[in-house]
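Enquirer: Have a look at this one before I ask anything.
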Amino acid sequence: ALISPAIRRTIVGKSSPLLQRTSSTTVMRSFASIYHADMEDFSQDEPSTTSSPPSSCAHSLLILGKPGGGKGTISGKILSDFPQFRHLSTGDQLRQHVRNGTKLGLEAKKHMDEGSLVPDNVMIQMVMKDAVEAIKNGQSLLLDGFPRTMEQAVALDEQLDVDMVINLCIPNDTIIERISDRWIHPASGRVYNYSYKPPKVTGIDDETGEPLVQRDDDKPESVLKRLNKYEEATRPLAQYYEDKGVIQTFKGTQSDVIYPEVREWLEEQLADDVKANTI
Numbered sequence: 011a012l013i014s015p016a017i018r019r020t021i022v023g024k025s026s027p028l029l030q031r032t033s034s035t036t037v038m039r040s041f042a043s044i045y046h047a048d049m050e051d052f053s054q055d056e057p058s059t060t061s062s063p064p065s066s067c068a069h070s071l072l073i074l075g076k077p078g079g080g081k082g083t084i085s086g087k088i089l090s091d092f093p094q095f096r097h098l099s100t101g102d103q104l105r106q107h108v109r110n111g112t113k114l115g116l117e118a119k120k121h122m123d124e125g126s127l128v129p130d131n132v133m134i135q136m137v138m139k140d141a142v143e144a145i146k147n148g149q150s151l152l153l154d155g156f157p158r159t160m161e162q163a164v165a166l167d168e169q170l171d172v173d174m175v176i177n178l179c180i181p182n183d184t185i186i187e188r189i190s191d192r193w194i195h196p197a198s199g200r201v202y203n204y205s206y207k208p209p210k211v212t213g214i215d216d217e218t219g220e221p222l223v224q225r226d227d228d229k230p231e232s233v234l235k236r237l238n239k240y241e242e243a244t245r246p247l248a249q250y251y252e253d254k255g256v257i258q259t260f261k262g263t264q265s266d267v268i269y270p271e272v273r274e275w276l277e278e279q280l281a282d283d284v285k286a287n288t289i
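Residues in the sequence shown are numbered consecutively from 11, following the working numbering.
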């Protein structure tokens, strides 16, 4: 069940004029209690902790990027430079819940075993399970991997207000070249890349002398198909956040060149937080 619209937009922070929030600690606690009531079926998975009051400067930051576009690298740099953010990777969360056999994990595994996608409501519950604890502890969120479509974004908006979005725009040719240069040694899992980590002898594993292979998913035609699917799915998503006035697009071919621009933008977005904390 989704949280009542009356409790929406309770995460406090800098936002566009289109977004509405309240800084009331009471409302934030009401948000958490209502969410837990909505999650009654999964309550036994919730840890019992004593949390400090929520920060008045919490944010939800989403990072968008094509497969192989350096999203993981940029996320790591953000977490290093902005320690107030807690990383929520839906891929990691999904694997952990399945591995731990939680109710959410068992529900997700049922769909995965059937070869179908995990439903949006299950994924959102996974996100919110960690998000509520982070918010209660005054942390901001760095969302990685969800939402991926406009429909998911609208559903997530019922429970969590994404107020900053980084959109990494890397040319397809750069990504195809980067991924298609990747070859592996199947027996050991060793990965080589002819762009920056080539084998000593072309096509041969350094340690065993056995031949390297290229995974089907890494072949240029496969990479291009994935990129086209990504763009088709995320184009409306980017427009959705554009209409909300919370997205910033960064273009380039190298993460080390793009990131200083990302950092500068984030510092500008968080400037009011610094002022609030010094008053």
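No residue lacks a Cβ here, since even glycine has one placed at the ideal position from N, Cα and C.
(1) Tell me whether the beta-carbon of Leu71 lies closer than 8 Å to the beta-carbon of Leu166.
(2) Under the DSSP definition of a beta bridge, which residues are partnered with Asn203?
(3) From the DSSP output, in three-state form, read off Thr83 for me.
(4) Taking 8 Å as the threshold (C-beta atoms), are Ala163 and Tyr250 in contact?
(5) Thr212: which of Lys229, Thr263, Asp191, Lys87 sits nearest, CA to CA?
(6) What are the residues that DSSP puts in a beta bridge with Pro221?
(7) For the alpha helix (DSSP H) that contains Tyr164, what are its first and last residues?
(8) Going by DSSP, what residue range makes up the beta strand (DSSP E) through Gly75?
(9) Any idea if Ala197 is buried or exposed, counting beta-carbon neighbours within 10 angstroms, 16 or more meaning buried?
(10) Is the CB-CB distance between Gln169 and Met136 below 8 Å?
(11) What first and last residue would you give for the beta strand (DSSP E) that runs through Asp154?
(12) Can you list, in chain order, the residues of its chain whose CB lies under 8 Å from that of Arg188, leaving out five sequence neighbours each side?
(13) DSSP three-state call for Val172: helix, strand or coil?
(14) Under 8 Å between the Cβ atoms of Val256 and Met174?
(15) Exposed or buried, Pro307, counting other C-beta atoms within 10 Å across all chains shown (16 or more means buried)?
(16) Just confirm the distance between the C-beta atoms of Ile88 and Leu276, as a whole number of angstroms; I'd bet it's less than 8 Å.
(17) Tell me, which residues are paired with Arg109 by DSSP?
Expert: Let's see:
(1) no
(2) Arg192, Lys207
(3) helix
(4) yes
(5) Nearest to Thr212 by C-alpha distance, out of Lys229, Thr263, Asp191, Lys87, is Asp191.
(6) Ile214
(7) It should be noted that the sequence gives Val, not Tyr, for residue 164. Looking at the DSSP string, the run of the alpha helix (DSSP H) that includes Val164 is 160-167.
(8) 70-75
(9) exposed
(10) no
(11) 150-154
(12) Gly78, Asn203, Ser205
(13) Coil, per DSSP.
(14) yes
(15) Outside the shown range of the chain, which is 11 to 289, sits residue 307, and nothing can be said about it.
(16) 7 Å
(17) Residue pairing of Arg109 in beta bridges, as defined by DSSP: absent, with no partner found.
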